[in-house]
Every structure is written in structure tokens, then in C-alpha cells.
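Protein chains in written order, with our numbering: chain A, -19 to 339; chain B, 72 to 458.
Before any comments, here is the structure.
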Amino acid sequence: MKVGIVGIGITHFGVHEEPFYNVAYTAARKALEDAEMERHEIDNVVLGGYDVSVGRTISNMYTAPAAGGYLKDEIRVSDDAAYALALAYMRIKSGIFDVAMVLGYGHCSETPIELVELLSLDPFFHRDLGISYQMSYAMQSYAYKMKYGVEDETAAEVVVRARKRASKYEYAHVREEVSVDDVLSSEMVIFPLRKLELPPWSDGCVALILAEETIARRINPEPIWVEGLGWNTENYYMGSRDLAELSSTRKAGEMAYRMAGCDAKSVEAVEIMDLTPYHHLMALEALGFAADGKGGELIESDFPTNSSGGALCTNAHGTTGLFLTANLALQIRDGCDRGISHAVSGYAAQNSIVTILGV
Amino acid sequence: MRRAAVIGVGQTKFRTRRDDKTHPELTREAVSRALEHAGITMDDVDAFVFGTMDPFDGINCPDRWSSTAAGFGKPFMKISTGGTTGLTTGIAAYQHVASGLFDVVVAVCTQRVGENVDAQPVLNTAVDPIYERHSGVGAISVAAIQATVHMQKYGTTEEQMAWVSVKDHENALKNPYAHIKKKIGVEDVLSSPVVSSPLKLYECCPRSDGSVAVIFASEEKAEQIRDDPAWILAESSISDSYFVGDRPDLAVWDSLSIAGRRLYRLAGIDDPKKDIDVAELYSPFTIQEILELEALGFAEKGEGAKLAEEGVTFVDGDMPTNPSGGVLCTNPIGATGLVRLGEASLQVMGEASNQVDGAEVALAHAWGGTLQFHALMLVSSHKKLRR
Chain A
-19 MKVGIVGIGI THFGVHEEPF YNVAYTAARK ALEDAEMERH EIDNVVLGGY DVSVGRTISN
41 MYTAPAAGGY LKDEIRVSDD AAYALALAYM RIKSGIFDVA MVLGYGHCSE TPIELVELLS
101 LDPFFHRDLG ISYQMSYAMQ SYAYKMKYGV EDETAAEVVV RARKRASKYE YAHVREEVSV
161 DDVLSSEMVI FPLRKLELPP WSDGCVALIL AEETIARRIN PEPIWVEGLG WNTENYYMGS
221 RDLAELSSTR KAGEMAYRMA GCDAKSVEAV EIMDLTPYHH LMALEALGFA ADGKGGELIE
281 SDFPTNSSGG ALCTNAHGTT GLFLTANLAL QIRDGCDRGI SHAVSGYAAQ NSIVTILGV
Chain B
72 MRRAAVIGVG QTKFRTRRDD KTHPELTREA VSRALEHAGI TMDDVDAFVF GTMDPFDGIN
132 CPDRWSSTAA GFGKPFMKIS TGGTTGLTTG IAAYQHVASG LFDVVVAVCT QRVGENVDAQ
192 PVLNTAVDPI YERHSGVGAI SVAAIQATVH MQKYGTTEEQ MAWVSVKDHE NALKNPYAHI
252 KKKIGVEDVL SSPVVSSPLK LYECCPRSDG SVAVIFASEE KAEQIRDDPA WILAESSISD
312 SYFVGDRPDL AVWDSLSIAG RRLYRLAGID DPKKDIDVAE LYSPFTIQEI LELEALGFAE
372 KGEGAKLAEE GVTFVDGDMP TNPSGGVLCT NPIGATGLVR LGEASLQVMG EASNQVDGAE
432 VALAHAWGGT LQFHALMLVS SHKKLRR
């Protein structure tokens, strides 16, 4: 039995000032309309997103009813919503449920995210160091850059291409095109990352409707099948890791490829959560699209990465990964046969999840 | 549907503060005990599901740190749904196994409420900033409203509610992991200070630090690993509306009735009083056990208050509730629901510290949000309901 995506709803990503449950509602409503379904046809709701980062605790309280969860079975993954899709898949695959509303939310404008993220440092070893969330990604960028001699221009080119793609993607947050010179002359924020090499903090919601195979075909003659899923966790202690590689992404990718029975060669579209241009390259390598240190060579080619512009252009902490998965689903709907999406969470990409979708 | 069972349960001692251990150390203590109980090792575990409620622990996303003790290098997923977190973590772990993706999955919940000066202002951030937050809504205040409405509508008395507390405190004396261990009588409850009228100190839960782990396995693995696993018969969760003011009647917990009805239908239960031998209910406030007994069909509407008073819910009564001492004596908020499942599983394994004679079917329950969520799980010593 397969599980397929039959409805896609994406809100505007940027800054939302209205009550946020309205944004969640908009995404859910759009997904229902996309699938030509009504709320009563959904039998469970799986939410994904963080607390605190949205300025409150138990944030599924205000998003559950907005996602159509009133008097329905509901659960929430407190991580990137790409994990919510994995849980929804398991809930349907097990036979327990038929149709799931997966809703991811990120509301970065509500809180100083970096301050909140500083609190995820343990009080004994990390907290006194005051390492910010972005610093941890900069440390990885630096380790990778030094190990493989990645040029500043290569990183800048990743940003230029991301912006170019985002300019054509209606849901992306930052859509202004930039040049390599713009990137290289932008302010150095955290070495080696310049201002234009850091992602924005975005607000927005993504809703995907998942259904069991037979039901999925009733709803939509061409469902987008979830072919593979994989997720894994690295060591929390950054000092005990090789920061120059994304090992949790590598393991997550291996699990997903194993489940889908395919490898990187058969993948036609890639959406990766590139919180820095260096992570763009590291993720491509970890997922098997390039040899270690050779990710930069793909940038000059036509390799179909992040047609959404990726996390560098849209980053709603808590649903960035699902935002990328949704764009992958749109690409498959448009004719692509198989694609892969990727998300990371935690300091220095501690956790990774990989989703393979296909026809 | 792939059958699954609980094959191991591990808990730490719950205390006001567990300054002797860090977050991952507490997690490790619970996981190690559960592995030992199941007779397996970390290598046998395919995936972890971690539950905790942010930000009670003084750390944002403590799961990231705690994963060093459970999940490092393996698939690891974090669940958080308020008070139901513990049970929804168990439900998610069960679904990991039921899906066929994994054979052995550990659900573990760690919470350190002691890191917080006061849990109620944290809870208050969950409610709407425009309509409800200024009224100071937290868990205690909404429970107090439930008590007031129930008393007014059904004539429930403070003495009847006190009996629930007396029963839970008596039960907790036998539980080596329980937080509050104190023999009290009805007079002690009635004369304790009012916390949120009409609820008094001994009618309200403590705030606890600690961890609990429950291990799930597929049918084949469960039978290889132990002779007496606790089979999962069914599970169910529900979300109500967001605003407390939108609930039609706070004297009844109708959303729990609906979730219970769905659960019973899945498990084939006609009469919960006959078919269920023991219940571990999430009742951090005395009135809530009364509402839960009514909502889940163990008592008629308005009659729930009589059960503790008449001894029905005591461990030797006809419908024992919270033989572990329940939430009234131990409440590590985001872990509490998984403690309910762990204790319910131990009851049907025949290994509970305060064992109900011949328990074959046990119910675990948790509620969360401002009365918004419920989660339920039913476990049995048999693969199917036997009457």
C-alpha cells in the first residue's frame, strides 16, 4: 500500500501580522481546495512546528483547529514539519488512518529566534560560550570551506542562483535578484558568512494532504507518492563531531534511498534546506549527488536544485523543510518523475530528514 | 494493521527537583531501566520518539541535548502536545511500529518542571494573547471552573472530591517512583489551603522532575522478547476548539466522551465498566477524575463523585483508578501521559507496584492544553479483547 499527496496549500511567506491561526487556516483551506475536498473527509491532523520560536508554548493549541482538527485525531511533531509528514505517512501506512492533513507552521516575526535558540544550549558546556544558532552553521561552513578549499565566489554563486530561482517562485520570501559582487560586498556577519549568505526569518504555513493509495486515487487521479523517508540524529556536542560534513543527512538519505529502492542517479529534482551556501554544497554531497568537496561543480551545471530558491530565500523556522517538500510535490505534479527534499534542525544541522516523492 | 505491544517500562524517581542528574542523564536512567525490563540492549532499538513540553525545562528543545542518551545515530522524532505529550509520544512510537518501518521503538519523555519558577505563567503563553491571556488562564484555574460548574449542576461536594485525593495518596505510598508520599484523610484535604477555589492544596498535583521510557515492539519481536507483553488494543486522540469559552458545557468533558467512544469502537468494548479492569487517568486535580469517569462511561453523568467516596475506585474496588497514585501525586507534565501508559502496561503484565488483582485490560489517558486535547491508549494481556 502506498501513501500519496493529494492536496497542496502554501501561504504567502514573509511577515504576517494578522492572528497566526488565520495563516494556518489559509494553508489548510488552500490544500483542501486543491484536493477538492471538505474538512470532514480528513480523519486526522499532524502538525509540525516549534513552541517558543512562535512566542508561546503548546503551539498546536492554536494551529490544530485552524488546520481542521476540531474534534479530530491530532498530534504535533515539535521539529521541522518535514517530520510531521513522516509521522503522517506512518499513521496511514499502519492502517490506523486514511487521510491526513499535515500542516507546518513558522512564525519567526513573533520572537527573537536567535535568543530563543541560545536557550537550547545546555547549561554546562555550551551555554556560556554564547554560540548563536547561526554561529553553529557558520562554524560548519568554515570547517567545510577550509577542508575543501571552497572559494568565496562559489558560495556567492549559490546565493545568486538561489535568488534567481526564488524570483520566479511565487511563495518565496526574498525574491530580489543579486549579483556575485552584491554578495561578496555585503557585510560580513559571522565569518565566513556575509549578510546575503544568511537566510531570512520568515512567517508562513504549508499544508499537504496525504491519503492511503486507494483513497488517494479517488481524490486525485495522479497522486504524488511518498516513496522514501529517512531521518537521523547527530551528536549534540558540536565539539565531538566532524563539522565539515552533514552525517545525519547522509544517514537519513541512506535510509530514504533504501526505502524507495533507488539512488541519487534516479532523482530529477532536489530541494535542500540550505541555511548557508556551504550547507547547500554539503547537503548535495551527503545525499550522493557529488563526491565530498565537489558540490561546487554542480553549481555551474544545470543540476535541478531548489527551484523554490531554497532556505536561503525562505526560512520559516519550523516549516522550512515542509515548504521545500511542497515545492518538490509541485514539480512532480508538473512532470518530474522523482525528487528528493531535505531538512535539517538543531545546532549545526544535528538532525536531518529526507523525503523522496515520485509518480 | 500490524499488531504491537509494550515490552518494557522504565521510570526514574520523581521529585520536586532532580539536581543529581542532567537532562540526558535522567533520560538515560529511564531508558536503561526500560531496556533492562525488556531484557534487550540499545543495539536492539530501531528508533526513538522523544516527548517533552517546551520550555518547562529551562532549555529550548531539550530533546536535542537529551538525544545523546537516547537516539544518537538513529531515527529520532520529537513530539510535543501539551499535557497529552507523554501519551501522544507513546502513540507515535506505537505508530512507528504499526507502520512496519520499525520493529523496536523506544518512547521516552523527560521533564524538569523544577527548573521553572512557576509553571502557570508558562502555560498562560499558550492561550490567545487578545481574548484569554490577560485573565491568567492556566491549568489550575480551568480545573477550578470545572469543579465549580460540576458542583453547581450535580451537587458534587468538596468531601466527595477530597476522597479522590485520599485514594490517590494512599495508592502512591506503594509506588517507589511517586513524588508525593503522604498518608492523608478527608479532613486533611478539606483543611489544606485553597489554591484556586474550590480546589485545595491536596487536590492539586505537584510539579515533578523525572523521566519515563516505554518500549514498543512488533508482534513477532514482542513474542520473542517476553512472555507477557502488554498488547496495544487501540489508541485515540482528539483536539477540541482553541478557546475555553467556546466549550459548550464545562460540567461534562464531551470531547473525552467522543475520543472514548472512538477508542471503545476500535477495541470492541461494549461496557467499559465490565471490559476495563483498571484506569490510569490524567487527573492532576480531583474534580478531573470525576469528570473523566463520567466521560469514559465508568459512571453516569453527575454520579462520578460517588465512586471514590464509596470505595469503587480504590485498588480493591470494582473500578480501580490510578493505583500508581496518579497525577495528583506525580506530575512531570510532558512525561505524565507516558507514566500512565507505563503503569497501565505494568498492570496487565501483572508487575505493578500496586497491582490490581487479575487486571487484563488497562486504560491510559492524558489531557492537555486548556482542556483542549485528550489522548487514550488501551493495553491488554491478550492480543484481542476477551470477555
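Here a beta-carbon is modelled for each residue, glycine too, at the ideal position from N, C-alpha and C.
Please read all numbers here as calculations on a predicted model, not as lab measurements.
In angstroms, rounded to a whole number, what distance separates the CA positions of residue i and residue j?
i                        : j                        : result
isoleucine 93 (chain A)  : arginine 230 (chain A)   : 27 Å
threonine 285 (chain A)  : arginine 457 (chain B)   : 56 Å
leucine 302 (chain A)    : alanine 8 (chain A)      : 14 Å
methionine 232 (chain B) : aspartate 320 (chain B)  : 20 Å
methionine 70 (chain A)  : threonine 213 (chain A)  : 19 Å
valine 116 (chain B)     : valine 177 (chain B)     : 7 Å
aspartate 239 (chain B)  : arginine 56 (chain A)    : 31 Å
threonine 98 (chain B)   : glutamate 360 (chain B)  : 29 Å
valine 160 (chain A)     : glutamate 207 (chain A)  : 37 Å
serine 268 (chain B)     : alanine 15 (chain A)     : 49 Å
threonine 194 (chain A)  : alanine 338 (chain B)    : 25 Å
tyrosine 122 (chain A)   : proline 103 (chain A)    : 25 Å
glutamine 311 (chain A)  : tryptophan 302 (chain B) : 43 Å
aspartate 339 (chain A)  : tyrosine 124 (chain A)   : Here residue 339 (chain A) turns out to be valine, not aspartate, going by the sequence shown. Approximately 35 Å, taken between the alpha carbons.
lysine -18 (chain A)     : glutamate 192 (chain A)  : 6 Å
For residue i versus residue j, is the C-beta spacing smaller than 9 Å?
i                           : j                           : result
leucine 12 (chain A)        : valine 82 (chain A)         : no
valine 237 (chain B)        : alanine 423 (chain B)       : no
glutamine 443 (chain B)     : methionine 115 (chain A)    : no
isoleucine 309 (chain B)    : aspartate 53 (chain A)      : yes
phenylalanine 340 (chain A) : valine 34 (chain A)         : What the structure shows of chain A is the stretch from -19 to 339, and residue 340 (chain A) is not part of that stretch, so it cannot be assessed.
methionine 64 (chain B)     : aspartate 299 (chain B)     : Because chain B spans 72 through 458 in this model, residue 64 (chain B) falls outside it and cannot be assessed.
serine 263 (chain B)        : lysine 271 (chain B)        : yes
serine 138 (chain B)        : phenylalanine 147 (chain B) : yes
leucine 173 (chain A)       : threonine 256 (chain A)     : yes
alanine 187 (chain A)       : isoleucine 333 (chain A)    : no
proline 179 (chain A)       : leucine 267 (chain A)       : no
leucine 106 (chain B)       : glycine 142 (chain B)       : no
cysteine 132 (chain B)      : serine 58 (chain A)         : yes
Out of the options, which has the shortest C-alpha to C-alpha gap to residue i?
i                        : options                                 : result
serine 288 (chain A)     : A:Tyr149, A:Ser121, A:Phe105            : A:Tyr149
proline 247 (chain B)    : B:Asn425, B:Leu449, B:Glu431            : B:Asn425
alanine 309 (chain A)    : A:Gly298, A:Val250, A:Val324            : A:Val250
histidine 94 (chain B)   : B:Asp134, B:Ser263, B:Trp438, B:Arg104  : B:Asp134
alanine 232 (chain A)    : A:Ser281, A:Tyr63, A:Lys73, A:Arg107    : A:Tyr63
histidine 87 (chain A)   : A:Thr299, A:Ser332, A:Gln330, A:Asn24   : A:Thr299
methionine 390 (chain B) : B:Phe369, B:Ala105, B:Val398            : B:Phe369
aspartate 387 (chain B)  : B:Gly226, B:Gly429, B:Gly142            : B:Gly429
glutamate 156 (chain A)  : A:Met168, A:Val130, A:Glu167, A:Ala142  : A:Ala142
glycine 440 (chain B)    : B:Ile286, B:Glu241, B:Ala305, B:Asp311  : B:Asp311
leucine 65 (chain A)     : A:Tyr237, A:Trp205, A:Arg238, A:Glu167  : A:Trp205
alanine 75 (chain B)     : B:Val257, B:Val410, B:Thr155, B:Ser416  : B:Ser416
tyrosine 85 (chain A)    : A:Ala146, A:Asp254, A:His(-4), A:Ser112 : A:His(-4)
leucine 176 (chain A)    : A:Val154, A:Arg197, A:Ile189            : A:Val154
threonine 357 (chain B)  : B:Lys145, B:Gln182, B:Val213, B:Ser103  : B:Val213
Just curious, the beta strand (DSSP E) that residue i is in, first and last residue?
i                        : result
glycine 79 (chain B)     : 75 to 82
isoleucine 216 (chain B) : First-last for isoleucine 216 (chain B): 210 to 225, but that is the alpha helix (DSSP H), not the beta strand (DSSP E).
alanine 340 (chain A)    : With chain A covering -19 to 339 only, the question about residue 340 (chain A) has no answer from this structure.
alanine 80 (chain A)     : 79 to 87
threonine 335 (chain A)  : 331 to 338
leucine 190 (chain A)    : 183 to 192
arginine 155 (chain A)   : No beta strand (DSSP E) holds arginine 155 (chain A); DSSP gives it neither H nor E.
glutamate 54 (chain A)   : 53 to 57
When we look at the beta-carbon of residue i and count the other beta-carbons within 10 Å, is it buried (16 or more) or exposed?
i                           : result
alanine 271 (chain A)       : exposed
phenylalanine 171 (chain A) : exposed
glycine 276 (chain A)       : buried
threonine 294 (chain A)     : buried
serine 282 (chain B)        : buried
glycine 29 (chain A)        : buried
proline 201 (chain A)       : exposed
lysine 245 (chain A)        : exposed
Please list the terminal residues of the continuous alpha helix (DSSP H) segment that includes residue i.
i                         : result
isoleucine 358 (chain B)  : 357 to 366
arginine 313 (chain A)    : 300 to 313
alanine 406 (chain B)     : 404 to 420
glutamate 306 (chain B)   : Premise fails: glutamate 306 (chain B) lies in the beta strand (DSSP E), 301 to 310, not in any alpha helix (DSSP H).
serine 103 (chain B)      : 94 to 109
asparagine 242 (chain B)  : 229 to 243
phenylalanine 0 (chain A) : 0 to 15
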